[in-house]
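Notes follow the structure.
Chains as they are written, first to last, in this note's numbering: chain H, 8 to 302; chain W, 8 to 302.
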């Protein structure tokens, strides 16, 4: 089973590409919607949340987890890989296979597939737009620098994910906000949509950028890379029937209703998981309490 | 000393009104900017954060704390008052004086002054706009119902506080977003700005509403009520010199730079406080970590 982890709804755009490429695999999606957005949070909080979510997905029976959230992938992927896949010390290169590697499971991110796709398409100047934390991590620039001598111009766009969460991705407000954010990106020839919410703003980005700029949604490249990896590691993930289970930390009914815009098809019933003693456990959803609360 | 607590920058608009009314009092402002926004968070998290912030302000020497954040005031004020001011059980009315009351300190909110001001001005139909949590609490409607038979129409506007945080309160995006949110408010005659960020959007609200609608920023009414209370309880708060100290949980340099738009004057140096074992303690700001983080 393949796990897909995101801070909320956005990763459903990645899940959509993964299921299109791997129609007979089973997926579990975990959206940490009750604690989203991650983009402005401090690093330790992101590491805590990411550990809880990854542990939940392993407990659900996943052999392989895709960290679909660019913020987590940029900040915490290395940490998650070291903690759950290998026991090597932090001084050892994470690319060096280790005797203590747990070869029965894998955690993959979205940054490297996005960087590879951008470098393959760019004529020399790549733009990256994402959350404040994604941009301040500098991880996209680091990964692109490993692949070629391209210039990279980054822009944090803190308002775009909330705008999509609000369901306002179509219309004048989205177009104006996207225009304002991309205005400072100069003569880029390729723009990486470095947040899983942004594919829903494709029309607004296309309207705001010159036609010569390639707009790059990393999701299909993440799917292509995973499909390739599974082809080279046949048997790593047990075959399935195209089943999908969905978990979230927020309101499951709201998640199911809003998720369809991101997944492109209706979601199955959504299960609620919530933090309990530092772990995410299956729990019945507690009602939103009305009025003054006393505990 | 008077403490003012808010989830971030917004409460500086309340502090501005308080300092204008009480120029010789000393204030400590605590903005929980590192954990903002509160508006979409679950109730227990809001209670945890509010306890930590109130405890920090009492430790700073405050005799009286104004909870400037409408989300906290709507959800957690009663809890804070019971926990820190009285030891009465939750079955006792909080308005009943108790032998176990700690009469040396007080915690006041912003909801009741706002409700009183709205009822005094409205001809019968009051609109309230605020965060998702403020609206789902129903506290404004409850407090207004205690004062008169007015109709109340509420609207959650999750995008407006992030929009102001981004510094985009002037211009077309703000005007369009505000218009979209107020469109469903019907024939209201008074609109309560139920979030401390919204006074910065006054121009956008004025442009979106008919001139017959009274736009109500609760801040001056909160200040008038506190001034009146202090007049009736002279000696409760030790007199001062108009000094101001500012604490925040996020980046103190950023807080100082952005806070001026909310306070209407430059902020003094901002001290950093951070969570440590469930308490907020003074701590040197940790640098934002770049790249992949391993711990």
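For glycine and all other residues, C-beta sits at the position ideal for the given N, C-alpha and C.
Provide the residue span of the alpha helix (DSSP H) that contains residue i, from first to last.
i: residue 195(W); result: Segment: none, residue 195(W) is in no alpha helix (DSSP H) and carries neither H nor E.
i: residue 53(W); result: 50–66
i: residue 38(H); result: From DSSP, residue 38(H) is part of no alpha helix (DSSP H) but of the beta strand (DSSP E) over 34–38.
i: residue 274(W); result: No alpha helix (DSSP H) holds residue 274(W); DSSP gives it neither H nor E.
i: residue 31(W); result: First-last for residue 31(W): undefined, no H or E at that position.
i: residue 243(H); result: Premise fails: residue 243(H) is in no alpha helix (DSSP H) and is neither H nor E.
i: residue 17(W); result: First-last for residue 17(W): undefined, no H or E at that position.
i: residue 227(W); result: 226–239
i: residue 291(W); result: First-last for residue 291(W): undefined, no H or E at that position.
i: residue 203(W); result: First-last for residue 203(W): undefined, no H or E at that position.
Cα-Cα, which of the options is closest to residue i?
i: residue 234(W); options: 285(W), 29(W) and 93(W); result: 29(W)
i: residue 228(H); options: 44(H), 73(H) and 251(H); result: 73(H)
i: residue 220(H); options: 84(H), 24(H) and 196(H); result: 196(H)
i: residue 255(W); options: 164(W), 60(W) and 45(W); result: 60(W)
i: residue 122(H); options: 211(H), 232(H), 185(H) and 89(H); result: 232(H)
i: residue 156(W); options: 14(W), 262(W), 287(W) and 129(W); result: 129(W)
i: residue 24(W); options: 48(W), 269(W) and 298(W); result: 269(W)
i: residue 44(W); options: 164(W), 113(W) and 135(W); result: 164(W)
i: residue 282(H); options: 291(H), 204(H) and 274(H); result: 291(H)
i: residue 112(H); options: 209(H), 161(H) and 237(H); result: 237(H)
i: residue 278(W); options: 32(W), 115(W), 39(W) and 53(W); result: 39(W)
i: residue 301(H); options: 89(W), 272(W) and 262(W); result: 89(W)
i: residue 53(W); options: 190(H), 41(H) and 27(H); result: 41(H)
i: residue 259(W); options: 276(W), 246(W) and 49(W); result: 276(W)
i: residue 116(H); options: 136(H), 126(H), 110(H) and 86(H); result: 86(H)
i: residue 167(W); options: 26(W), 175(W) and 239(W); result: 175(W)
i: residue 208(H); options: 243(H), 172(H) and 58(H); result: 172(H)
i: residue 133(H); options: 199(H), 280(H) and 142(H); result: 199(H)
i: residue 190(W); options: 210(W), 217(W), 206(W) and 179(W); result: 217(W)
i: residue 125(W); options: 160(W), 91(W) and 139(W); result: 160(W)
i: residue 246(H); options: 34(H), 158(H), 66(H) and 56(H); result: 34(H)
i: residue 183(H); options: 194(H), 265(H) and 170(H); result: 170(H)
i: residue 192(H); options: 211(H), 91(H) and 158(H); result: 158(H)
i: residue 153(H); options: 127(H), 139(H), 141(H) and 142(H); result: 127(H)
i: residue 67(W); options: 11(W), 110(W) and 263(W); result: 11(W)
i: residue 194(H); options: 55(H), 266(H) and 131(H); result: 131(H)
i: residue 14(W); options: 65(W), 138(W) and 26(W); result: 138(W)
i: residue 243(W); options: 251(W), 289(W) and 110(W); result: 110(W)
i: residue 257(W); options: 298(H), 48(H) and 55(H); result: 48(H)
Return the bridge partner residues of residue i from the DSSP annotation.
i: residue 283(W); result: 286(W)
i: residue 12(W); result: 37(W) and 74(W)
i: residue 252(W); result: 35(W)
Need the endpoints of the beta strand (DSSP E) that residue i sits in, please.
i: residue 114(H); result: 113–115
i: residue 258(H); result: Counting along the chain, residue 258(H) falls outside any beta strand (DSSP E), and DSSP gives it neither H nor E.
i: residue 222(H); result: 221–223
Could you tell me how far apart the beta carbons of residue i and residue j are, in whole angstroms, since I believe they sit closer than 8 Å?
i: residue 144(H); j: residue 202(H); result: About 13 Å; that fails the 8 Å criterion.
i: residue 213(H); j: residue 222(H); result: 6 Å
i: residue 76(H); j: residue 17(H); result: 7 Å
i: residue 46(W); j: residue 78(W); result: 5 Å
i: residue 63(W); j: residue 37(W); result: 6 Å
i: residue 226(H); j: residue 186(H); result: Actually they are not in contact, since the Cβ atoms of residue 226(H) and residue 186(H) sit about 23 Å apart, beyond 8 Å.
i: residue 253(W); j: residue 274(W); result: 6 Å
i: residue 114(W); j: residue 150(W); result: Not a contact, Cβ separation roughly 16 Å.
i: residue 71(W); j: residue 136(W); result: Not really, about 28 Å apart at Cβ, beyond 8 Å.
i: residue 177(H); j: residue 206(H); result: Not a contact, Cβ separation roughly 13 Å.
i: residue 146(W); j: residue 296(H); result: Residue 146(W) to residue 296(H), Cβ: 11 Å. No contact.
i: residue 249(W); j: residue 31(W); result: 6 Å
i: residue 211(H); j: residue 181(H); result: 5 Å
Is residue i near the ligand NAP, going by C-beta to nearest heavy atom under 8 Å?
i: residue 23(W); result: No copy of the ligand NAP occurs in the structure displayed, which carries no ligand at all.
Complete alpha helix (DSSP H) runs within the region 119–190 of chain H (minimum length 4 residues, chain order)
139–144, 146–152, 167–172 and 179–189
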